[in-house]
Each structure stands twice: as C-alpha cells, then as structure tokens.
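Reading through the structure tokens given below for one structure.
2 protein chains.
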Amino acid sequence: MSDTNPVPIRERTRRLAQTELTAVAQDLFAAQGYDNTTVDQIAAAAGMSKRTFFRYFPSKDDLVIGKYDLFADRMAEALDARPKNEPVWESLRRMFDITLDYVQDEHQRARSEAMDAIVRSTPQLYARYLEKMQRVQELLIGRIAVRLNDDEHDPSDPRPAAIVGAAFACMQAARHAWFASDRSEAFGSYLDDAMATLKIDRASRMTAIAT
Amino acid sequence: MSDTNPVPIRERTRRLAQTELTAVAQDLFAAQGYDNTTVDQIAAAAGMSKRTFFRYFPSKDDLVIGKYDLFADRMAEALDARPKNEPVWESLRRMFDITLDYVQDEHQRARSEAMDAIVRSTPQLYARYLEKMQRVQELLIGRIAVRLNDDEHDPSDPRPAAIVGAAFACMQAARHAWFASDRSEAFGSYLDDAMATLKIDRASRMTAIAT
DNA sequence: CCCTTCCTGACACTTGGTGTCAATATCGCG
DNA sequence: CGCGATATTGACACCAAGTGTCAGGAAGGG
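Next comes the structure, spelled out in structure tokens:
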C-alpha cells in the first residue's frame, strides 16, 4: 500500500519540511514578532540554510499567508456545487460554510488563530492577505455573472463584482465581530447576521447602461 | 503676503521636490516597469542621492500610493457632512461623489490613470492599495455604527463593517467596470448601478445575537 | 559677518531574495 | 550490490530596499 502513491515521496518530505518550518517560525514570531525575526533565524532553527528556506517558500510572507491559496479552489468548488437556480446571495452564504469547518475544528483553531493574529497585526501581511482574497473574488465573479444573465460575462457590468465583493465584506465583518466577541455565539450566526443586512435587488440595472 | 504663511517655505520646497520625484519616477515606471526601476535610478534622474529620496518618501511604494492617504480624511469629512437622518446607503453613495471629481478632472485624469494602471498591474502595490482602502473603511465604520443605533459602537455587531465594506466593494466594482468600458457613460452611473443592486434591510438583526 | 539649524551626500550595514556551482544524497536499474 | 542519472543542499556572491551615522554645506536670523 505504499507504492504507486498519488503523493510521491519527494512531495511528502517537502510538505513535511514546510510544516516543520512553519511550526518553528510560528514560535519565533510569537516570541519576538514577525519583523524582528529574520529568515536566517528561521532556517537555522529548522537546521537548514537561508537558501534552502527559499526553496520551500517563495518568500517569508508566503510561510504565513501561503495557505490561503487553498481557499480559492475550495470556494470555487463549493460555489459550483450549489444549484444553479438558487439565489446568488444564498449560494455565496452556503459557499462560506467551508470556512466554518476551519474555524470550528477545535485543535486546528489555536494554531490558525495565532497565525491570524500575526497577519492582522502586520500591515505588510494584512495587505497581502487582502490581495489574496481579492484574487479569490475574481475567480468567483465570472461564475456569479453567468448566474445573473446566462450570456457571457460583460466586463462593464459592475453588478457581479459588487455582489461578490459585498459578500466578502460581510464575511470579513463577521470575522472581525466574532473575534471581538466572547465567542459564545457560533461564527455562523454572525455571518448570517452580516449577510442579512444586505439584500440583492434583482430588479436593478434600471439606471440605463446601454451596452 | 509672503510672511506668516500657513504653509512655510520649507514645506513648499519639500512638496515641490516630491512632485518632481513623482513625475520623474512616473516616466521611468512607464518606460521600464515598476519592479525594474530602482530607487537609485529615480533619485539620479531627479538629481539627488538615494538617501535623499528616502527623506521625501518613506518607501518606493509610497511614491505611488502615498496620495491615497488624503482620501481617508476627505471621505470621513464628506460623510460627516451628510444629514444624520439620511439612509446610510445614500450617505455613502454621496460620500463617493468626492471621488468623481478626481476622475472627472480632465487633465488630472491622465496622470492619475497612468499611476492607477501601475498599481493594478503590480501585485505588491495593489496589496498596499487594498490595505489603505481597508484603513479608510475602518475610519468610517464607527460613524456608520453611530447612525445605525445611537449608542456607542458595539464591536461585536458586524453590520456597520458589512455595510461599509459592501459600499466600497460597489465602488471597486464600478471602477473596474468603468475602466473596462469605453468611458462613454459617466463613472457616476456605474456607481449608481453597482450600489443599486444592494439594498440595506433595516429590519435585520433578527438572528438573535443577544449582547 | 557669524552662528545656528536644517538639508544633503557619502558610507556602511542589515535584510529579503536570487543566480551559480560544486558536493552530496537519493532513486532507478541492471 | 554497484553505477549512473537526477534532485537537494549549502556556500558564496550578488542585487535592491531601507536605515543609522556623520561630516560638510546651504539657508536663515542676529
């Protein structure tokens, strides 16, 4: 059961090294802050040279925010799984359910939350985080555009981007609110609450933009 | 009329140098790209040393995106100028009117638009742009919270952040759509269109978050 | 004219990140 | 087991963005 593995050995050792690096780095960041920790220190603490570190991560930033790349595909997948005739706002809400699992898992959360604190308190990382989220949104905009009108995506129609952006704004708002709360309420209800304040007006686009 | 000036001489020469640097840098960026242009080159082209450049701008990035800092106060000001009983969505829409002036001004636009293209095509700058916009939003969230319920801002209420974030998402969407269009329609109508697709449900917050 | 103050350039240094290359470890195969 | 191909690694040199320091020079006020 160990041959013809879908994940070759090379790739597994690689991931192991990345996990190791991440764990070591997290300790250092917690102890002395992100900016005050050099790549040399991280590499040395993991028993390798700086050059080798950069073979596992394209940048110091990516060690922290690289994992967010996985979100993009998972979200697109989750959105595609929703019925085509479902209201888009509801589809987006259900799509966000996959982020709930992330937060709900008790022993994963501590690790993830510590990294989150680092991201939010380091402007440089927060900026890159926002950019990644923007890229995720771009993936989804095309899909939402198709649901709004069955023809192809008209790039001069601002509505799909507005809707997706608004949905993400709700998720961000819910995240912040939940972090600021005592966590007695489930994150999901914050998300419901945030998304309930905005309704999509399906009869819009009357302010003529004659294409 | 030149003494006891509200803007002292030192500050004026400083701004002049910044403008000069920006103009020179813009040419270089347009010619060879942002990443391929070093600070040394910009400084040399403006007749100064690298060290002096960093006395005028805290970083290479700030030369491009530094001007967005002005937006924060201008927007907060514009929002404060709206009547308190006006629906918040309308207030936010009117607040964005100040961005229209920026885009409308014919001879300012060419310069501003070139810089905008650089920002959007350089991930690093785009990330910092998004972060700045996020900071602007944080300024406004408190004000919107006060309008929603007259007591002080409850940080575990996601609605103000959701609304402000959604409004900015609409502006971003309108910007992108307008840039992708042939610009025959006014930018304002794109903004109207984007913001009209989302309506605020004032009777929300029924999904009890008992504070 | 001098004295103070600010501005500037030169220099050295740190850190993130990359190219190169030789040494070494690993893998597949006979 | 041994051998050649391939991948991984570390050492070194290098570049670019910033930052600290310091001495010299320009501007301004008396």
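Protein chains in written order, with our numbering: chain A, 79 to 289; chain B, 79 to 289.
From the three backbone atoms N, C-alpha and C, an ideal C-beta is built for every residue, glycine too.
- For lysine 277 of chain B, the enclosing beta strand (DSSP E) stretches over residues 276 to 278.
- Only residues of its own chain outside the window of five on either side were considered, and among them Tyr134 have a CB closer than 6 Å to the CB of glutamine 96 of chain B, listed in chain order.
- Every alpha helix (DSSP H) stretch that sits fully inside the stretch 141 to 192 of chain A and reaches 4 residues is listed by chain position as 147 to 158, 166 to 173 and 175 to 182.
- Sixteen is the threshold: since fewer than 16 other Cβ atoms of the shown chains lie within 10 Å of the Cβ of alanine 264 of chain A, the residue is exposed.
- When CB distances to chain A are screened at a threshold of 7 Å, the residues of the stretch 254 to 284 of chain B falling below it are His254, Ala255, Ala258, Ser259, Glu263, Ser267, Tyr268, Asp270, Asp271, Ala272, Ala274, Thr275, Leu276, Lys277, Ile278, Asp279, Ser282 and Arg283, in chain order.
- Taking the C-beta atoms as reference points, isoleucine 278 of chain B is found no nearer than 8 Å to threonine 91 of chain A.
- The DSSP-derived three-state label of tyrosine 204 of chain A is helix.
- Closest in alpha carbon position to leucine 178 of chain B, among B:Ser199, B:Trp167 and B:Phe149, is B:Phe149.
- Straight across, the Cα-Cα distance linking aspartate 232 of chain B with alanine 154 of chain B is about 20 Å.
- Taking 8 Å as the threshold, the shortest C-beta distance from glutamate 209 of chain A to chain B falls below it.
- Methionine 211 of chain B sits in a helix when the DSSP states are folded into three classes.
- The beta carbon of glutamine 119 of chain B sits closer than 8 Å to those of Leu106, all from its chain and outside the five residues before and after it, given in chain order.
- Among the residues facing chain B, aspartate 235 of chain A is included, as its CB has a counterpart in that chain under 8 Å away.
- Counted as a single uninterrupted DSSP element, the alpha helix (DSSP H) harbouring tyrosine 134 of chain B occupies residues 128 to 134.
- With a threshold of 16 other beta carbon atoms within 10 Å, leucine 269 of chain A meets it and is buried.
- Inclusion of alanine 192 of chain B and glutamine 110 of chain B in the CB contact set at 8 Å is not warranted, their separation being larger than that value.
- Taking the Cβ atoms as the reference, glycine 243 of chain B lies roughly 23 Å from glutamine 202 of chain B, outside the contact range of under 8 Å.
- B:Leu170 is the residue among B:Leu170, B:Thr130 and B:Thr116 whose C-alpha sits nearest the C-alpha of alanine 239 of chain B.
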